[in-house]
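Protein chains in written order, with the numbering used here: chain A, 1 to 484; chain B, 1001 to 1488. Just below is one structure, and these are the notes that go with it.
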Amino acid sequence: MSNISELSLTKIINGIKKKEFTSEEVTKSFIDQSKKSKKLNTYITECFEEAIKSAKNFDKNKNYKGLLSGVPIAVKDLFCTKNVRTTAGSKILHNFIPTYESTVTNNLWSQGAFLLGKLNCDEFAMGSSNETSFFGNVINPYGEKLVPGGSSGGSASALAAGLTPATIGTDTGGSIRQPASFTGTVGLKPTYGRCSRWGIVAFASSLDQAGPMTRNVEDCALLFQAMSGYDSKDSTSVDTKVDNYSSKLTDKVKGLKIGIPKEYKVDGMPKEIDDLWKKGIEYLKDAGAIVKNISLPHTMYALPAYYIVAPAEASSNLARYDGVKYGHRAKGKNLIEMYENTRSEGFGDEVKRRILIGTYVLSSGYYDAYYLKAQKVRQLIKNDFDKAFHDVDAILTPSTPSSAFKIGDKTNDPVSMYLNDIFTVPVNLSGLPAISVPAGYDKNNLPLGLQLIGKAFDEQTILNLSLAIEKRADFNKNFKVWWI
Amino acid sequence: MTEIKFDYFINGEKEKWEVIIGLEVHAQVLSKSKLFSSSPTKFGAEPNTQVSLVDSAFPGMLPVINQFCVEQSIKTGLGLNAKINLNSVFDRKNYFYADLPQGYQISQYKNPIVGEGEVVLDMPYGTKKVGIERLHLEQDAGKSIHDMDPDNSLVDLNRSGIALMEIVSKPDLRSPEEVNSYIKKLRSIMRYIGTCDGNMQEGSLRADVNVSVRKVGDKKFGTRCEIKNVNSIKFMQMAIEHEARRQVELLESGKKIDQETRLFDTKKNVTRSMRSKEDAHDYRYFPDPDLLPLHLDINLIDKLKKELPELPDQKKERFIKEHNLSSYEANILVSEKEISEYYEEVVKKCDKKLATNWIIVELFAVLNKKNLSISQSPVSAKNLSALIKMISSGKISGKIAKGVFEKMQIDDKDPIQIVEKEGLTQQSDPKELEKIVVKVLSKNKDKVTQYKSGKEKLFGYFVGEVMKLSKGKANPQLINQILKNKLK
């Protein structure tokens, strides 16, 4: 039954329900595929034995009540999982085993899924290529030399390569959508406050949001529904009803108004990205949507503002990793030296860079010029979107300015690495939902995604539009399995 | 009466100096659980037993504001006649320390929950108004213990995350006495409202003191020093005195004051430099993105205002107006919530003036002697009230009452029973008393003659003899009347 691992999440759930295969067979199929795919370096921690146990237990009890009954799921190693090591891709947490379960993963397990393993990611989710992980690079199944994107690179790669039927990631500046785009998968960043942040290792609290990563839009709606919900343990969680996104999912999008922001036509954007965008417009027009040109005038300030706000919050969020309570502790003659050694050894270069930037922009004398100004810019960017959404129901842009790049290509040039997030970052600053859906290929046959940005808490509309694109895009996973 | 004037100045060798003091009081909010977690706040528990994942800053943990603590701080603000800010913000104050698990303290920086207010002090030279700059909510840190292990410092996180109100005064205080009075007033207000137990020994009330000096007559403030960690009023007063003298000496010898943080050494009676302004932390304050800004409903504030108990100042005014007490008496009776409660219980059923005297003079003498607080009083309010009622109704004399009061102190005995059992009731029957008077006068015919011929001093002798014969129970006023009649 080795082909189970090729099936979509929805097909697997239905297959289990219809007793076409057992949960154990499903689980073994993914474990088998995972074991053969070590080259991709997607897992940080495997939970295969426990997963088999859970599957057997499921097959014995046959409780089909949950949305995800009997499904093994591997998750980004940023979600705290009870009794399972949680590293955030960092040496400083290489030995950290939480005694608690994040709300979002807990939601999955209460819908009948169980944990298959913890997936590689950029250290503390800081990166766009999965090259900052303490546990090494992740390889994109589309090419041995290619990055899978980041920070949810392990999740994207594992999903594309058939090592997990679906997965969840986190998105602070594009960390779900960019790797989804690079690996030909679907990734949704929900509205800020839709999914609880409780139990997720924090990067930048006002931007972080967990979301589903799947092989198709139908799966995405289902997984999104399963993981969402209000959580009183997260003060920024919003108490609104979780819709039945799956049953409401439709590709009938006739009459919806789609905005095309002119500011996203950036200088030096490859022609094939522009072509893809045009194709996307055609697909939606074909589906009956009305396409309008719009303006989001402050877009050019989003990236600089993001690279002030996110490091500022991160510099404070990461202060707790000091060697005192848990995680890595280095020796030192006194407290200060212990701190210095612990954090020097425990954090990688990119994390250190962002802590330094964040500390700088918050320090007295610089706060007003950087942090405060960035917050004002953030408000302007939000206002842009608010204004645009008076006229349109969703906004269509490319997900990324390029396809997957080569490992090592951008590691020495942080700015060009940061530029990869140019289309995704404004969405996080505004707290809006956005999805990346595979829509085509570049000249090297590498996948490219389109991004749909929606109104706050209107994920349904962008899911529906994505489905319309998915049906027309004629996108098929077309890589050779070279790594087995 | 001579008028008392304020006279706290430091007389240097050259000049007379005025001392300027401002206080930052940290008051632990009376609450069962912490500011951002549901951990208990019990004092004196085993180390690290009152700690949640949030208090110890585990990855992915998030703070959730405790509404009760918010209400407690609003009530305190109302008690300080302060402006309650409908919008306030929690900020992160970033610094590294072993007993600060998050690496930042959640506090309020630019937008505190309570704004400007005012506290009125009763000083011997009149009332003194002290401005409140602000009150904000923040988390307490844990406790580092450096003397339990030769090689390591130990950390106890029980206190980590407990809610504190930082109450910042304006630089309005001018003497250690005013500081004493200010802290006691704050403590009293918070205890009346039930928002802080004010226990300085357990650290639920702590203060940092800002001291500067200026020549008498100068308008500009001098450079101030902050004295940290003074945990009793006595030490605070000593620290101020010493710090002010140190500053005067420096200035008079032509040196400058460095703005710095100092510690008070209680053994050597000096303040020492802890860190200079240059070494001061850059706390990198910024709004905590894990918490939404705090928006208060005006209706909640109105509701809390209505629920507020009568506060010491209002109570004092009422005691003066309605109970006819002097300002001095009223002040003593309202100074502590428990005293005022005791007094009000006593006067429910007896004369107010008499009760005031008995509490302030007789009861306080006993409490002082035995080193007890009013809540540990050996005589209950109910029984003291009964005793006073017997005095004012003439059932017993004031003199007898003192003896009964002695006896009441053992097991809080009922004074009515003591009086009845020992037959101490005052003789107020005029016929009976007349019999005794006649007896005394007939025994002392020679003295009656002397009296009538002008030796009026003998009147007291006759009274004493009647008292003796009645075993002290005779009603003195009646005796006076009867004697006067018979001796005409």
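Think of the CB as a built atom: it goes at the ideal place given N, C-alpha and C, for glycine as much as any other residue.
Cβ of residue i within 8 Å of Cβ of residue j?
i       : j       : result
B:S1031 : B:A1163 : yes
A:S364  : B:D1282 : yes
A:T485  : A:D77   : Residue 485 of chain A is absent from the model: chain A starts at 1 and stops at 484.
A:L446  : A:Y142  : yes
A:A113  : A:I52   : no
A:S399  : A:S430  : no
B:P1112 : B:L1157 : no
A:A404  : A:N140  : yes
A:A204  : A:T172  : yes
B:I1193 : B:L1296 : no
B:G1472 : B:I1360 : no
B:R1214 : B:W1017 : yes
Identify the continuous beta strand (DSSP E) that holds residue i and give its terminal residues.
i       : result
A:R329  : First-last for A:R329: undefined, no H or E at that position.
B:Y1104 : 1104–1107
A:A439  : 434–441
A:P311  : That residue, A:P311, is in no beta strand (DSSP E); its alpha helix (DSSP H) goes 302–317.
B:E1226 : 1225–1230
A:F114  : 114–119
A:G169  : 167–171
A:K252  : Looking at the DSSP string, A:K252 is not in any beta strand (DSSP E), and its letter there is neither H nor E.
Going by beta carbon distance, what residues of the same chain come within less than 6 Å of residue i, once the five residues before and after it are set aside?
i       : result
A:T191  : P433, A456, F457
A:I31   : F48
A:A468  : D251, V253, A287
B:P1287 : V1089, D1091
A:G454  : A394, P433, T461, I462
For residue i, collect the residues of the same chain with a Cβ closer than 7 Å to its Cβ; drop the 5 residues on either side in sequence, then sort them by chain order.
i       : result
B:P1176 : Q1237, I1240, E1241
A:N464  : L249, T250, D251, V253
B:W1358 : L1384, I1388
A:S246  : A221, L222, Q225
If you draw a straight line from the C-alpha of residue i to the C-alpha of residue j, how long is it?
i       : j       : result
A:S151  : A:E123  : 8 Å
B:S1107 : B:L1137 : 6 Å
B:E1226 : B:L1154 : 27 Å
A:K11   : A:G332  : 55 Å
A:A413  : A:N420  : The sequence given here has Asp at residue 413 of chain A, not Ala. Approximately 12 Å between the Cα atoms of the pair.
B:P1171 : B:F1221 : 9 Å
B:L1250 : B:T1223 : 12 Å
A:A202  : A:N120  : 16 Å
B:I1391 : B:A1381 : 15 Å
A:K376  : B:A1098 : 35 Å
B:V1070 : A:T22   : 53 Å
A:G193  : B:L1053 : 22 Å
B:L1483 : B:P1476 : 10 Å
B:I1298 : B:G1115 : 15 Å
B:D1208 : A:H94   : 41 Å
B:M1165 : B:S1073 : 7 Å
Could you tell me whether any Cβ in chain C is nearer than 8 Å to the Cβ of residue i?
i      : result
A:R320 : No chain C appears in the structure shown, which is made up of the protein chains A and B.
Alpha helix (DSSP H) containing residue i: first to last residue?
i       : result
B:F1462 : 1458–1469
A:R177  : 177–183
A:M213  : It is not in any alpha helix (DSSP H) - A:M213 instead sits in the beta strand (DSSP E) that spans 209–214.
B:W1358 : Careful: B:W1358 lies outside any alpha helix (DSSP H) and carries neither H nor E.
To which residues of the same chain is residue i closer than 8 Å at the C-beta, ignoring the five residues directly before and after it?
i       : result
B:Q1409 : V1366, P1378, V1379
A:S2    : Model confidence at A:S2 stands at a pLDDT of 47, short of 50, so the residue's coordinates are unreliable; what they give is reported in the following sentence. Correct list, in chain order: S29, D32, Q33.
B:G1117 : G1077, L1080, N1081, A1082, K1083, G1131, I1132, L1135
B:M1262 : Correcting the residue type first, residue 1262 of chain B is Arg in the shown sequence and not Met. Here the set comprises C1225, E1226, I1227, K1228, E1243, T1271, R1272, S1273, M1274.
B:K1014 : E1252
B:I1004 : P1124, Y1125
Taking 8 Å as the cut-off, does the segment 1187–1197 of chain B touch the segment 1013–1024 of chain B (at least 3 CB pairs, one atom from each stretch)? By the Cβ criterion, the segment 1013–1024 of chain B is not in contact with the segment 1187–1197 of chain B, since fewer than three pairs of Cβ atoms, one from each stretch, lie closer than 8 Å.
message: Does the segment 192–199 of chain A come into contact with the segment 101–109 of chain A, if we say contact requires no fewer than three beta-carbon pairs (one atom in each stretch) closer than 8 Å?
response: yes
Next on the checklist: I want to know whether the segment 302–312 of chain A touches the segment 272–284 of chain A - three or more CB-CB distances under 8 Å.
Outcome noted: No, because fewer than three Cβ pairs between the segment 302–312 of chain A and the segment 272–284 of chain A fall closer than 8 Å, the two stretches do not touch.
Meets three-Cβ-pair contact criterion under 8 Å: the segment 1454–1461 of chain B and the segment 1406–1420 of chain B: no
Note to self: If contact is defined by three or more beta carbon pairs under 8 Å, each pair taking one atom from either stretch, is the segment 4–18 of chain A in contact with the segment 52–72 of chain A?
What the structure shows: yes
Exercise. Can you find at least 3 beta carbon pairs, one from the segment 1055–1069 of chain B and one from the segment 1028–1047 of chain B, that sit closer than 8 Å?
Worked result: yes
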